[in-house]
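Note that the numbering used here has the sequence shown beginning at 129, numbered continuously upward. Here is the structure we will look at.
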Amino acid sequence: MSKAKLNYNERAWAIDVISHINLFCSKNNLFVKKAGGERTLKDHSKKSLFPDVLLYGNEKFGDVIQGWELKMPDTPITDIELIENAQLKANKLGLNSFLLWNAKEAVLYIRENNYFSINKTWVESDIHSREDVENNQDKWKCILEDIIIYISQIISDSNYKNVGLLELSSNLYVDSLKSFKQDLSCNFESSAIKNFDFDIEITEWFNENPTKNENKYSVLADFSILSWVNRLLFSHYLKTFNQDAEIINNLTLSSSIDDVIETFKKITEKCDFMNVFLSNVGDKYIGDKFLSYWLELNELLKEIRFDRIDNNYLHNVIDSALLHSRKKVVGQFSTPINLAYFLASITIKNRTANIIDACCGSGTIPKVVYQIKRECKIPPNEALNQVWASDKFSYPLQLCSIALSDPQALGNLVQVFQKDVFELQPNTEISFVDPFIEQTVTKELPVMHAVISNLPFVRFETAEIPNRKNLSNLGLSKKSDLYAYIIFHLSNLIEENGRIGVIISNSWLANEWG
Numbered sequence: 129m130s131k132a133k134l135n136y137n138e139r140a141w142a143i144d145v146i147s148h149i150n151l152f153c154s155k156n157n158l159f160v161k162k163a164g165g166e167r168t169l170k171d172h173s174k175k176s177l178f179p180d181v182l183l184y185g186n187e188k189f190g191d192v193i194q195g196w197e198l199k200m201p202d203t204p205i206t207d208i209e210l211i212e213n214a215q216l217k218a219n220k221l222g223l224n225s226f227l228l229w230n231a232k233e234a235v236l237y238i239r240e241n242n243y244f245s246i247n248k249t250w251v252e253s254d255i256h257s258r259e260d261v262e263n264n265q266d267k268w269k270c271i272l273e274d275i276i277i278y279i280s281q282i283i284s285d286s287n288y289k290n291v292g293l294l295e296l297s298s299n300l301y302v303d304s305l306k307s308f309k310q311d312l313s314c315n316f317e318s319s320a321i322k323n324f325d326f327d328i329e330i331t332e333w334f335n336e337n338p339t340k341n342e343n344k345y346s347v348l349a350d351f352s353i354l355s356w357v358n359r360l361l362f363s364h365y366l367k368t369f370n371q372d373a374e375i376i377n378n379l380t381l382s383s384s385i386d387d388v389i390e391t392f393k394k395i396t397e398k399c400d401f402m403n404v405f406l407s408n409v410g411d412k413y414i415g416d417k418f419l420s421y422w423l424e425l426n427e428l429l430k431e432i433r434f435d436r437i438d439n440n441y442l443h444n445v446i447d448s449a450l451l452h453s454r455k456k457v458v459g460q461f462s463t464p465i466n467l468a469y470f471l472a473s474i475t476i477k478n479r480t481a482n483i484i485d486a487c488c489g490s491g492t493i494p495k496v497v498y499q500i501k502r503e504c505k506i507p508p509n510e511a512l513n514q515v516w517a518s519d520k521f522s523y524p525l526q527l528c529s530i531a532l533s534d535p536q537a538l539g540n541l542v543q544v545f546q547k548d549v550f551e552l553q554p555n556t557e558i559s560f561v562d563p564f565i566e567q568t569v570t571k572e573l574p575v576m577h578a579v580i581s582n583l584p585f586v587r588f589e590t591a592e593i594p595n596r597k598n599l600s601n602l603g604l605s606k607k608s609d610l611y612a613y614i615i616f617h618l619s620n621l622i623e624e625n626g627r628i629g630v631i632i633s634n635s636w637l638a639n640e641w642g
């Protein structure tokens with residue numbers, strides 16, 4: 129037996145299958161437009177988290193049609209582990225069908241009533257061994273073309289559901305949290321036991337980002353997973369408008385965590401969005417399992433032609449990603465977009481003036497302020513220069529920076545920064561990275577026409593405030609909610625006859641301090 133034949137395994141065959149699908153689809157106008165998956169293929173001794181082959185449809189929406197699992201003829205097509213693995217991967221991506229193929233037999237499964245059942249089978253009677261797969265390529269290629277034609281006919285039926293990038297990204301957020309939260313939590317805890325400085329870092333972070341009913345390691349795991357997926361998705365989104373972000377494609381399945389962090393550092397230096405790509409607490413302690421998953425996900429996103437996806441649809445993908453993060457991290461206090469738009473509309477009188485959200489959270493209010501300015505025909509660069517956003521905590525700044533990303537304004541500063549609201553004063557110096565000159569620039573906080581914020585629901589007596597003594601002179605009860613003090617402080621930021629529009633609880637109605 130020749131060495132070449134010994135080396136012809138599932139991986140080698142999968143690459144040949146993908147190549148022939150792409151050749152066949154390029155010559156025929158089918159609903160299946162191309163195939164991918166060779167980037168995520170691993171050695172047969174290692175399990176991949178995504179299908180061996182992925183079929184893609186309408187590039188305008190980044191449609192993923194179906195996943196295939198490939199084996200050699202010595203693995204029965206009825207193998208239980210093979211079937212269950214294919215089902216798991218289909219569910220992970222939100223797909224409603226999959227194909228199993230061992231070169232001798234191919235079986236198409238389609239989901240019906242929440243169960244996968246056999247729809248069609250193909251048999252090639254002359255293929256029985258690995259050698260036959262390599263030596264009878266014309267025969268399995270004939271079967272392959274028949275499969276592609278049949279699948280294209282199925283998906284032309286309006287009842288067949290494809291998964292666009294919008295739904296795919298949604299499924300990936302859900303799957304990432306479900307699959308890796310416990311693993312990251314354990315990694316953080318075990319690393320903190322071995323490294324007291326890291327434990328202190330987590331504790332300080334947790335005190336800034338308190339969450340009820342969960343320990344600090346579990347909460348950090350949630351934040352970390354969302355942050356990693358956000359950074360990855362935004363990197364691929366960004367490369368469609370800025371070629372410097374293409375370096376995300378240089379990462380491979382063998383890249384280290386240091387390689388990834390360095391790549392994000394380079395993207396920040398070239399493209400800005402420092403708040404998006406900034407290294408977070410625990411980044412180096414996520415562990416091999418999640419890193420491997422993240423790198424496979426990166427390979428998957430490399431195969432999607434982001435540059436061919438409709439711009440409006442692509443922006444909806446980013447908005448959907450933000451929605452997942454807001455629900456998980458910001459939770460019930462996230463500002464509904466319709467309420468944010470209404471509040472901004474009635475607060476802003478001069479649409480060309482500077483506006484700030486001093487408790488920006490995930491960026492809903494700054495986004496609608498920018499939207500209102502654009503609706504008034506203010507150029508993107510000017511509109512972005514008139515919107516300011518800050519928050520006491522670092523994580524929401526990632527979401528806010530993404531929310532303010534506009535392809536038409538790339539190369540301009542996104543004025544999002546970390547600062548306690550009580551530290552804000554006119555002429556306060558704020559540092560940003562200017563992506564155009566690739567240098568740090570300092571800007572003075574201008575006097576604002578308006579402040580628009582959804583204020584935190586925290587008691588004054590329990591909050592950490594940098595200048596508490598000065599605020600105590602206002603004479604309000606120590607049992608007052610923090611927002612009462614914030615409103616007084618915000619008046620220092622606005623021009624004469626400026627306006628403050630805030631969302632607050634109704635607690636003041638039933639209290640003397642109100």
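The C-beta atom is built at its ideal place from N, Cα and C for all residues, glycine as well. Remember, predicted model here, so these are calculated numbers, not experimental data.
For the segment 498-522, the continuous beta strand (DSSP E) assignments of 3+ residues that do not extend past its boundaries occur at 515-519, in sequence order. Cβ-Cβ distances below 7 Å link residue 319 to 326, 413 in the same chain, with the five nearest sequence neighbours on each side left out; the list follows chain order.
Under the Cβ criterion (8 Å, minimum of three pairs), the segment 465-474 does not count as touching the segment 501-513.
The continuous beta strand (DSSP E) containing residue 239 extends over residues 233-240. Put simply, of 614, 209, 183, 138 the residue whose alpha carbon is nearest the alpha carbon of residue 201 is 138. In the same chain as residue 547, and ignoring 5 residues on each side of it, the C-beta atoms closer than 7 Å to its own belong to 518, in chain order. Around the C-beta of residue 146, 16 or more other C-beta atoms lie within 10 Å, and the residue is accordingly described as buried. Bridge partners of residue 162 according to DSSP: 184. Note that the C-beta distance between residue 227 and residue 235 is below 9 Å. Looking from the CA of residue 545, the closest CA among 377, 349, 524, 463 belongs to 524.
Secondary structure at residue 578: strand, using DSSP grouped into helix, strand and coil. In the three-state reduction of the DSSP assignment, residue 226 falls in the strand class, which pools E and B. Residue 481 places its beta carbon 9 Å or farther from that of residue 364. Annotated as distal: residue 376 and residue 348, with beta-carbon spacing of 9 Å or more. Around residue 304, the same chain offers 353, 357 as residues with beta carbons nearer than 7 Å, after the five sequence neighbours per side are excluded. Your pair residue 580 and residue 506 does not check out as a contact, with CB atoms roughly 17 Å apart and the cut at 8 Å.
If you look at residue 465, you'll find it in the alpha helix (DSSP H) that goes 465-475.
The count of Cβ pairs closer than 8 Å, one atom from the segment 148-163 and one from the segment 268-283, reaches three, so the stretches are in contact. In the structure shown, residue 265 falls within a helical segment according to DSSP collapsed to helix, strand and coil. Counting the other CB atoms within 10 Å of its CB gives residue 416 a total below 16, which places it among the exposed residues.
Here DSSP, grouped into helix, strand and coil, assigns residue 253 to coil.
Burial check for residue 620: the Cβ neighbour count within 10 Å stays below 16, so the residue is exposed.
Assignment of residue 405 by DSSP, reduced to helix, strand and coil, places it in the helix class.
Residue range 208-221 is occupied by the alpha helix (DSSP H) that includes residue 209. If you look at residue 549, you'll find it isn't in any beta strand (DSSP E); DSSP assigns it neither H nor E. Per DSSP, reduced to three states, the secondary structure at residue 627 is strand. Non-local beta-carbon contacts of residue 475 in its own chain, meaning distances under 6 Å to residues more than five positions away in sequence, involve 578, 580, 627, 629 in chain order. Taken atom to atom, the span from the alpha-carbon of residue 371 to that of residue 395 is near 10 Å.
Non-local beta-carbon contacts of residue 150 in its own chain, meaning distances under 7 Å to residues more than five positions away in sequence, involve 162, 163 in chain order. For residue 398, the CB contacts under 6 Å within the same chain, skipping 5 residues up- and downstream, are 372 in chain order. When only Cα atoms are considered, residue 359 and residue 383 end up about 16 Å apart. According to the DSSP assignment, residue 342 belongs to no beta strand (DSSP E), since it is labelled neither H nor E. The beta-bridge partner set that DSSP reports for residue 619 is empty. DSSP, read as helix, strand or coil, puts residue 194 in strand. In the DSSP assignment, residue 146 falls outside any beta strand (DSSP E) and within the unbroken alpha helix (DSSP H) covering 138-155.
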